[in-house]
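Chains A and B, in that order, give the protein sequences.
Each residue of the first sequence is one higher than the one before, starting from 10 at the first, in my numbering.
Each residue of the second sequence is one higher than the one before, starting from 10 at the first, in my numbering.
We treat Cβ as the ideally placed atom computed from N, Cα and C, and that holds for glycine.
Report on the structure given below.
There are 2 protein chains.
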Amino acid sequence: MDKDQWQDLLLLLKTLADEQRLTMIGLMNDQERTVSEMAGLLKLTEPTVSHHISKLHHAGLLHLRMEGNSRFYRLNERRMAKFKAYVAEIETPPTEVVPVESDNAWIEALDWASEEDKKVLRDYTFDGRLTQLPTKEKKWLTVLRWLATRFETDRRYTEKEVNAVLTEIHRDYATLRRDLVGFGFMARQNGGGEYWRVEPEEEGA
Amino acid sequence: MDKDQWQDLLLLLKTLADEQRLTMIGLMNDQERTVSEMAGLLKLTEPTVSHHISKLHHAGLLHLRMEGNSRFYRLNERRMAKFKAYVAEIETPPTEVVPVESDNAWIEALDWASEEDKKVLRDYTFDGRLTQLPTKEKKWLTVLRWLATRFETDRRYTEKEVNAVLTEIHRDYATLRRDLVGFGFMARQNGGGEYWRVEPEEEGA
DNA sequence: CTTCTAATTAGATGTACGTCTATGAACTTA
DNA sequence: TAAGTTCATAGACGTACATCTAATTAGAAG
Numbered sequence: 010m011d012k013d014q015w016q017d018l019l020l021l022l023k024t025l026a027d028e029q030r031l032t033m034i035g036l037m038n039d040q041e042r043t044v045s046e047m048a049g050l051l052k053l054t055e056p057t058v059s060h061h062i063s064k065l066h067h068a069g070l071l072h073l074r075m076e077g078n079s080r081f082y083r084l085n086e087r088r089m090a091k092f093k094a095y096v097a098e099i100e101t102p103p104t105e106v107v108p109v110e111s112d113n114a115w116i117e118a119l120d121w122a123s124e125e126d127k128k129v130l131r132d133y134t135f136d137g138r139l140t141q142l143p144t145k146e147k148k149w150l151t152v153l154r155w156l157a158t159r160f161e162t163d164r165r166y167t168e169k170e171v172n173a174v175l176t177e178i179h180r181d182y183a184t185l186r187r188d189l190v191g192f193g194f195m196a197r198q199n200g201g202g203e204y205w206r207v208e209p210e211e212e213g214a
Numbered sequence: 010m011d012k013d014q015w016q017d018l019l020l021l022l023k024t025l026a027d028e029q030r031l032t033m034i035g036l037m038n039d040q041e042r043t044v045s046e047m048a049g050l051l052k053l054t055e056p057t058v059s060h061h062i063s064k065l066h067h068a069g070l071l072h073l074r075m076e077g078n079s080r081f082y083r084l085n086e087r088r089m090a091k092f093k094a095y096v097a098e099i100e101t102p103p104t105e106v107v108p109v110e111s112d113n114a115w116i117e118a119l120d121w122a123s124e125e126d127k128k129v130l131r132d133y134t135f136d137g138r139l140t141q142l143p144t145k146e147k148k149w150l151t152v153l154r155w156l157a158t159r160f161e162t163d164r165r166y167t168e169k170e171v172n173a174v175l176t177e178i179h180r181d182y183a184t185l186r187r188d189l190v191g192f193g194f195m196a197r198q199n200g201g202g203e204y205w206r207v208e209p210e211e212e213g214a
């Protein structure tokens, strides 16, 4: 278990370690529920349920379908499965030793990258950081695709969290963030500053 | 998952949903650790570590071996396995419907009880509560053995929690508690008011 | 008995967060 | 446009709790 996964596990634990939210998980299992419906069942006010929903949603645990005035939430089973997988190896230490990725070894380990992609990454990175932003769109897309993999799927990030991850890659995190969204690697919620990773073949079901 | 197990899961989630404690779990996996040792590794003061230890211990997640001035803690793997089993069915609702155990059906379901034991329980209980405390020691032991099963193994209870469970069985919870300890069905920590269930064949490993 | 060591307990402090009321935003329907 | 519905957001309030310093217990060693 690497450090990011361990932080992700921690997020999930904190999110689920609440009586009301754990109950809601049960309510939304195999069934769509609206906020007002759960407020009635749990005997809480709607804003309170809304608060819990936002926590669960931010942790990627919910699917949302909007229809008319109502928002139908239901459990994201893929995400729950991930949580269970984490818990299965929960004793594994956070692995304090970060391998430092001395050179470009990590590039070879990328299973999605073609030889051409790998060459681009070798050319434009040093020790895991971008040294320059490619201007050719094709190369830029390769870089963005790699950037996207730095984010967990099925999890919501605040803008601050996104920036924190991207700053590790390049000073100009704003450009990276904008194009990740612009080219469809990440999505952003209409109102708030919430982001999540999108995969081309995802959510098709 | 019944209501007690669900509350137990909640306790474990709350206990584990903390960065320091999750790290400690890693440190104590397959290895004994002392408080001062972990305080050094985590860069926390000893009282702080002690605080976290007590939470983990209360949740039954630790084994303790005392030697000289030091206390060696290590992970209780059986308890972690229980947690994992809970998580595996985490979506299962709390099962709000308590079957009410209309009559004595629950007695038949006790796998440890002989026919003689069952007769004692039928005679001295009504709707799951003790109607009278047997004076004959043999019958009393049967009752105590049953009472012990109302507690989770591998978990620590405060005196208040013990009383809460026992009050459901009989007004005179103090007598029940005293004899549970006196006859070796439960153990109590020397100083504080912490209790845990002991099984004759437990901890022998 | 005294001194040292290891850990817990007591008490204080600041932060995180669950819950509420009040308000605003987005959409539907008349 | 106006009125109604559903939910989210803002802000306030109180409790829970992670952490610290200081004091206390319990055992070991002198």
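- With 16 or more other CB atoms across the displayed protein chains lying within 10 angstroms of its CB, L185 (chain B) is buried.
- For S79 (chain B), the enclosing beta strand (DSSP E) stretches over residues 79 to 84.
- Taking 8 Å as the threshold, the shortest C-beta distance from T101 (chain A) to chain B falls below it.
- Rounded to the nearest angstrom, the gap between the Cα atoms of T101 (chain B) and R154 (chain A) is 37 Å.
- DSSP places A196 (chain B) inside the beta strand (DSSP E), whose first and last residues are 195 to 197.
- In this structure D126 (chain B) is buried. Its beta-carbon is surrounded by 16 or more other beta-carbon atoms within 10 angstroms.
- With a contact defined as Cβ atoms closer than 8 Å, T24 (chain A) and L65 (chain A) qualify at about 6 Å.
- Sixteen is the threshold: when 16 or more other Cβ atoms of the shown chains lie within 10 Å of the Cβ of H61 (chain A), as they do, the residue is buried.
- Counting C-beta pairs with one atom in each stretch, the segment 89 to 101 of chain B and the segment 115 to 135 of chain B have fewer than three that are closer than 8 Å, which means they do not touch.
- Beta-bridge partners assigned by DSSP to Y95 (chain A): none are found.
- Nearest Cα to V207 (chain A) within the set A:D188, A:D163, A:Y182, A:E168: A:D163.
- Using a CB distance cut-off of 8 Å, N38 (chain A) counts as an interface residue toward chain B.
- Pairing D13 (chain A) with F160 (chain A), the inter-Cα distance amounts to about 9 Å.
- Interface annotation for the segment 66 to 78 of chain B against chain A: empty, criterion Cβ-Cβ distance under 9 Å.
- Inter-residue distance for K148 (chain B) and E55 (chain A) is about 53 Å (C-alpha atoms, whole angstroms).
- Within the model, the alpha-carbon separation for M75 (chain A) versus M37 (chain B) is close to 46 Å.
- Below 8 Å, enough C-beta pairs join the segment 30 to 47 of chain A and the segment 69 to 85 of chain A to call them touching: three or more.
- At a cut-off of 4 residues, the continuous stretches assigned as alpha helix (DSSP H) that sit fully inside the segment 130 to 166 of chain B are 146 to 157.
- Nearest to R165 (chain B) by C-alpha distance, out of B:T151, B:A68, B:K93, is B:A68.
- Within the model, the alpha-carbon separation for A114 (chain B) versus Y204 (chain B) is close to 29 Å.
- In the DSSP assignment, R186 (chain B) forms no beta bridge with any residue.
- Within chain B, the residues placing a beta-carbon under 8 Å from that of A26 (chain A) are L19, L22, K23, L25, A26, ordered along the chain.
- In its chain, beyond the 5 residues on either side, G137, R138, L139, L156, R159, L185 have a beta carbon closer than 8 Å to the beta carbon of I178 (chain A).
- Under the DSSP assignment, W15 (chain A) falls in the alpha helix (DSSP H) whose first and last residues are 12 to 25.
- With distances taken between CA atoms, E86 (chain B) lies nearest to B:L73 out of B:R197, B:G77, B:L73.
- Residues of chain B whose Cβ lies closer than 8 Å to the Cβ of L130 (chain A) do not exist, since the nearest Cβ in that chain is about 32 Å away.
- Contact annotation, Y95 (chain A) with L20 (chain A): C-beta distance approximately 10 Å; criterion of less than 8 Å not satisfied.
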